[in-house]
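Since the structure comes first, as C-alpha cells, the remarks are kept for the end.
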Amino acid sequence: MSAHLLEATGIVAGYRPDLPILHGIALYVDEGEVVTIIGPNGAGKSTFVKAVAGLVGITAGRVTIDGRDVTGRPAHRLAGEGVGFVPQTGNVFTTLTIQENLVVGGSALPRAEAVRRTDQVLSIYPALASRRSEKAGVLSGGQRQMLAIARALLTQPRLIMLDEPTAGLSPMAAAELFTLIRDLVKDGAGVLMVEQNAKAALRMSDRGYVLAEGENRIDGRAADLLANPEIGEIFLGVRPGTAKAEGG
Amino acid sequence: MFLQHLVDGILSGAIIALGAIGLSFTMKILRFANFSHSELLTWGAYFAVVFFAMAGVFGNPFAAPIAPFSFGWPLLVALVFSAVSTSVLALVLHRLVYRRLSRTAGHMTMVFASFGVALLLRNFVLLIFGADPIYYSTALQFAIRLPGGIRVMPDQVFLLGLTVVIVIALHLFMTRSRTGISMRAVSENPDLARVSGVNTDTIIAWVWVIGASGAAIAGVLYGLTVQLRPELGFALILPLFAAAILGGTGSLYGAVIGGLVVGISENLSVMVIPSTYKPAVPFLLILAVLYFRPEGLFGERNT
C-alpha cells in the first residue's frame, strides 16, 4: 500500500509545551484531493496546519510526507520538501513588492531555478505580472490571496495548506479562489484547507474533517458531511432537517 | 557660525547614522532594544588599535599618509579587520546570550541582559587597554577652508564619503540581493518568511554582521576625530537610540536621516543653549518622536 501524501497521527501540539491545544489529531491527505478541516472557534484547526507547517511545536505524534517522517522539522526546510503554506493573516509581505514577495517564496530553491519558477508562476497569474513592481500592501484581499498562493507554488509543493483562504473576501472573490484551489490539485498536488465558510468549502472539497476542542470528531466524504445533520447542529449552526435546504 | 555648526552636525550625524543602522535592524528583526550595541563601536575602535599594534611590527601604520588625510592604507585595512573582528564578537554574544534567551525569555529580559553585556564589554576594554586615552595618530592636521568660512578636516570628508558609499552599498544589498530581501521579509513577518523557505537563523546572523560592521566602522571613524576611551560607545548610546527611533526601526534611510537629524540638532543646539545641555537634545528628540509619530519618520506600518 502506498503512503498518503500527508499523514498525521496522534498529533499533540500547542504554543506552549505544557498547554497543548491539539490532543491526538489524526488526518491524511492523498494526491489530487482537496481536504477541508472545519469546526467551531478554538477547535485547533489553524494550530493543526501550523504544526504540520513547522510553526507550532509538536510534542507527540508523527507527521509524514510521502511516507517520510518530517515531524518537528523547521518550517524553512519543509518549504523545500514540498510543503506550501498560506497563513490566514499576514499572508503576504506588505512592505515588499510583488516581485520581492516571489523572490522570498523562492528562497528554498537554487537561484536560477527560482528565477525560472517565478516567470512560470507569473505567467499563470498575469494580473500579478503586470504589477510586479508594486508593493503588496496595495493589493485587495483577493489579490493578496492570489499572490500568497503564487508564492507558495514557487517551490512546486506536493502539499498546499491554506488557513481560512476566503476570510474577508467577497462571495465572488471567494468563489474565484475556490476555483483556483480546485485547479491546484489537477496536477496531482494535495490541498489541505481550514475554512470557517464550512458549507461552501465542503462543496468544493473531496473529504472533510470536523475538529472540536483539539480532537477529531467526525470525518468522511465532503458530500456526506454536508448531509450530516449532527454537523449542521453542532458546528454549522443549522437545525436538523434544514441543512439541505440551506445548503444552496 | 550657523553653517559651521551645520557641517559639524552632518559630520557627527554620519557617525551616528552608521552606528544606528545596526541598532535599528536589531531592534526591528531581533525585537529588542540592544543597549550593548554602542559598546560594539568601542570594540570596533579598539580592534583597530590592535591591528595597528600588529601592523606596527612592520613599521608605523601612519608613516605614509595618503594626502591630504592623516592616515595611510593601513587604516583602510584596519577598517576591514575591525569590522570582521567586531562581527565575530557580535556573533559570539548572540550565540552565548541573546539566542539562548530569545528561546525562553521575554523581550524585557533581553533588554536587561543587554545592559549586563554592555557593562561587561565596557569593562573588558578598560581591563585590556586601560583607562588612558589612545590616539590613532598624533600628527597635526590642517583644516580645509570651504566657502562661507566653513572649516573641515580632510579626515572628516573621508568619513562622510565612506558613510555615503556604505549606505549606497547597503541599499543595493537590501533591494537587489536575495539575502537582503529576505532580511526585510523576516523584519516584517518572521513566520511567513519561515514557511516561504527562509532560514531565519542565517538572516539573524547577517543582521549581527551588518550591525556590528557598521558599529565598528563608525567606531574607527569616530576614533579618527576624537581620543579613544572605554566610554567612547557609551557616550553615543542616546544619540544612537534617538536616531533609530526617529528614523523608524528597521529602516536603512530612517537610521541615516535620524542620525543626521540628531547630529545636526545637537550641534545647532549649542547656539541657543549651553553646550553642557547638548546631551539632552537626543533625549528630547526621542520624547517628541514617541509622542507625535511613534513609528518614526520612515517606519513602515504593515497594511
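Residue numbers (the working numbering), protein chains in the order written: chain A, 1101 to 1348; chain B, 319 to 621. We put the beta carbon where it would ideally sit given N, CA and C, even for glycine.
Whole-angstrom C-beta distance between residue j and residue i, which should lie under 8 Å
| i | j | result |
| --- | --- | --- |
| A/G1241 | A/E1131 | Between A/E1131 and A/G1241 the Cβ distance is about 30 Å, and since that is not below 8 Å, they are no contact. |
| A/T1136 | A/M1246 | 20 Å between Cβ atoms; not a contact. |
| B/A545 | B/P451 | According to the sequence as given, residue 545 of chain B is Gln; it is not Ala. Rounded, the Cβ-Cβ distance is 4 Å, consistent with contact. |
| B/D357 | B/L439 | A quick correction: the sequence has Glu, not Asp, at residue 357 of chain B. The pair is a contact, with the Cβ atoms about 4 Å apart (cut-off 8 Å). |
| A/L1326 | A/R1303 | 7 Å |
| B/G569 | B/F616 | Checking the sequence shown, residue 569 of chain B turns out to be Ser, not Gly. With 8 Å as the limit, B/S569 and B/F616 qualify as a contact, their Cβ atoms being about 4 Å apart. |
| A/I1165 | A/L1105 | 7 Å |
| B/G565 | B/G529 | That pair is no contact at about 14 Å. |
| B/V538 | B/A366 | 5 Å |
| A/P1205 | A/R1251 | According to the sequence displayed, residue 1205 of chain A carries Gly and not Pro. That pair is a contact at about 4 Å. |
| B/A562 | B/S342 | 4 Å |
| A/I1198 | A/R1232 | 5 Å |
Which of helix, strand or coil DSSP assigns to residue i
| i | result |
| --- | --- |
| B/F353 | coil |
| B/D509 | helix |
| A/V1112 | strand |
| A/M1272 | helix |
| A/D1166 | coil |
| A/A1267 | coil |
| A/Y1128 | strand |
| B/T422 | helix |
| A/L1155 | coil |
| A/F1185 | strand |
| B/N620 | Because B/N620 sits at a pLDDT of 47, beneath the cut-off of 50, its placement in the model cannot be relied upon, and the point is left open. |
| B/Y416 | helix |
| B/V319 | Residue identity check: residue 319 of chain B is Met in the sequence provided, not Val. DSSP places B/M319 in coil when its eight states are reduced to three. |
| B/M471 | coil |
| A/G1190 | coil |
| B/L444 | helix |
| A/H1123 | strand |
| B/I339 | helix |
| B/I384 | coil |
| A/G1172 | coil |
| B/R611 | coil |
| A/T1342 | With a pLDDT of 49 at A/T1342, under the threshold of 50, the predicted position of this residue should be treated as unreliable, though the coordinate-derived value follows. Note: A/T1342 maps to coil in three-state DSSP. |
| A/A1327 | helix |
| B/V429 | helix |
| B/Y453 | coil |
| A/V1291 | strand |
| A/T1136 | strand |
| A/L1196 | coil |
| A/A1103 | coil |
| A/G1142 | coil |
| A/D1306 | coil |
| A/G1348 | Caution is warranted here: a pLDDT of 30 is assigned to A/G1348, below 50, making its placement in the model unreliable, and the coordinate value is therefore given only provisionally. A/G1348: coil per DSSP, three-state reduction. |
| B/L359 | helix |
For residue i, the nearest candidate out of the options (CA to CA)
| i | options | result |
| --- | --- | --- |
| B/K596 | B/Q322, B/M319 and B/G327 | B/G327 |
| A/I1158 | A/R1116, A/L1209 and A/A1275 | A/R1116 |
| B/H412 | B/A457, B/F460 and B/N352 | B/N352 |
| B/R417 | B/T481, B/I384, B/L359 and B/R349 | B/R349 |
| B/M471 | B/S388, B/M372, B/A533 and B/G551 | B/S388 |
| B/M372 | B/L359, B/H355, B/L464 and B/S400 | B/S400 |
| B/W391 | B/T456, B/F476 and B/F460 | B/F476 |
| B/V579 | B/G568, B/V590 and B/V607 | B/V607 |
| A/K1286 | A/Y1128, A/V1112, A/V1134 and A/V1129 | A/V1134 |
| B/V415 | B/V402, B/S403 and B/A436 | B/A436 |
| B/G532 | B/V483, B/V367 and B/D509 | B/V483 |
| A/Y1225 | A/D1283, A/V1163 and A/T1171 | A/D1283 |
| B/S455 | B/A449, B/L393, B/V516 and B/P508 | B/L393 |
| A/G1142 | A/P1329, A/V1310 and A/D1324 | A/V1310 |
| A/G1139 | A/G1314, A/P1329 and A/N1328 | A/G1314 |
| B/V513 | A/V1129, A/Q1296, A/A1160 and A/G1184 | A/G1184 |
| B/H323 | B/I604, B/G581, B/G374 and B/L605 | B/G581 |
| A/G1182 | A/R1317, A/D1306 and A/G1288 | A/G1288 |
| A/G1172 | A/I1111, A/D1319, A/D1263 and A/S1102 | A/I1111 |
Below-8 Å beta-carbon distance, residue i vs any chain D residue
| i | result |
| --- | --- |
| A/V1203 | Of the chains in the structure shown, none is chain D; the protein chains are A and B. |
Near the ligand PLP: residue i beta-carbon under 7 Å from a heavy atom
| i | result |
| --- | --- |
| A/Q1256 | In the structure shown, the ligand PLP is absent, as is every other ligand, since no ligand is present at all. |
Fill in: alpha helix (DSSP H) runs wholly inside the segment 525-603 of chain B, at least 4 long, in chain order
555-565 and 570-587
Worksheet item: Using 8 Å as the Cβ pair cut-off and three pairs as the minimum, do the segment 338-352 of chain B and the segment 561-573 of chain B touch?
Response: yes
Practice prompt. Determine, using beta-carbon pairs with one atom in the segment 494-504 of chain B and one in the segment 519-539 of chain B, whether at least three such pairs fall under 8 Å.
Written response: yes
Worksheet item: Are three or more beta carbon pairs between the segment 1269-1281 of chain A and the segment 1114-1129 of chain A nearer than 8 Å?
Response: no
Fill in: Cβ contact (3+ pairs, closer than 8 Å) linking the segment 1145-1163 of chain A and the segment 1249-1264 of chain A
yes
Fill in: Whole alpha helix (DSSP H) elements within the segment 1199-1259 of chain A, 4-residue minimum
1211-1224, 1226-1229 and 1241-1253
Discussion item. Below 8 Å, how does it come out for the segment 1182-1193 of chain A and the segment 1206-1224 of chain A: are there three or more Cβ pairs, yes or no?
Written reply: no
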